[in-house]
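Engineer:
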Amino acid sequence: MIVDVGCGDGRWILSEAAAHPEREYVGIELLAPLVAKASAKAPANARFVAGDAVAWLRRRAAGSLDEVHVYHPQPYYDPAEVAFGVGTPGFFESAWRALKPDGRLVLQTDNRRYGKYLLEAARRHFEAEVQPGPWADAPRGRTRREAVAMGKKLPVLRVLAARRPAPLGGEDPAPYFDPARPGLRHRRTPKRR
């Protein structure tokens, strides 16, 4: 099973599922209207779930996933909400546990500071390699966000990471933002259940 965490309107999964009918795809998105839109177009080998992707991953059986994809996750800047984010050490622990021994994690962002943090946080559980350019299968972008970033000539960090046999020890990386920064806007997020 291949999972796209924060799949948005499902663009990447819909394309992949059509090209690979032998594989099973699941897209997870917090915004129900986007899930409804994607579900209406989904082939038999793809489904979409409205909900918290981090919690969904925690509930997966160990070794049940082939790949976890995360394209342009949104960082949380409110210190009280950072733990809900996709790029936390807890997220990487859940993804590592849910992936098969030969499982892969795919990360992508155009936020430089957040990208640096994601790489640091992922390295405890994954051997991460930065890809030198656009994905070979999608030179114009796998997602709408990537295509827009490329159009604006923003640097896009693309990471392909192999699951480590066992996590490394060490400290969690430093936060990717300064919570004391003047003018820091807090995101309004849906209440967690």
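First residue of the sequence shown? That's 1131 in the working numbering, and the numbers climb one at a time after it.
Glycine included, C-beta positions come from ideal geometry on N, C-alpha and C.
From a predicted model like this one, the values you see are computed outputs, not experimental measurements.
Please confirm if the segment 1222-1231 is in contact with the segment 1156-1172, defined as three or more CB-CB distances below 8 Å between the two stretches.
Structural biologist: no
Engineer: Does proline 1285 come within less than 7 Å of chain C when only Cβ atoms are used?
Structural biologist: In the structure shown, chain C cannot be found, because there is only a single protein chain.
Engineer: Residue range of the alpha helix (DSSP H) that lysine 1246 falls in?
Structural biologist: Looking up residue 1246 in the sequence shown gives position 116. Looking at the DSSP string, the run of the alpha helix (DSSP H) that includes lysine 1246 is 1242-1252.
Engineer: Counting pairs of Cβ atoms below 8 Å between the segment 1190-1209 and the segment 1275-1284, do you hit three or more?
Structural biologist: Three or more beta-carbon pairs drawn from the segment 1190-1209 and the segment 1275-1284 are found closer than 8 Å, and the two stretches are therefore classed as touching.
Engineer: CA-CA distance, glycine 1245 and threonine 1239?
Structural biologist: The residue you call residue 1245 lines up with position 115 of the sequence shown. The residue you call residue 1239 lines up with position 109 of the sequence shown. Looking at the two C-alpha atoms, the distance is approximately 6 Å.
Engineer: Quick check: the Cα distance between proline 1312 and alanine 1304, rounded to an integer number of angstroms?
Structural biologist: Taking the first residue of the sequence shown as 1, we reach residue 1312 at position 182. Taking the first residue of the sequence shown as 1, we reach residue 1304 at position 174. No answer about proline 1312 holds up, because its pLDDT of 47 lies below 50 and its placement is not dependable.
Engineer: Considering only the alpha carbon of each residue, which of Leu1235, Asp1267 and His1255 lies closest to proline 1219?
Structural biologist: Looking up residue 1219 in the sequence shown gives position 89. Looking only at Leu1235, Asp1267 and His1255, the smallest Cα-Cα distance to proline 1219 is reached by His1255.
Engineer: Classify leucine 1298 as helix, strand or coil using the three-state DSSP reduction.
Structural biologist: In the sequence shown, the residue the question calls residue 1298 occupies position 168. Secondary structure at leucine 1298: coil, using DSSP grouped into helix, strand and coil.
Engineer: Sorted by chain position, which residues of the same chain lie with C-beta nearer than 7 Å to arginine 1153's C-beta, five sequence neighbours on each side aside?
Structural biologist: Residue mapping note: residue 1153 aligns to position 23 of the sequence shown, counting from 1. Same-chain partners within the cutoff: Ile1132 and Asn1175.
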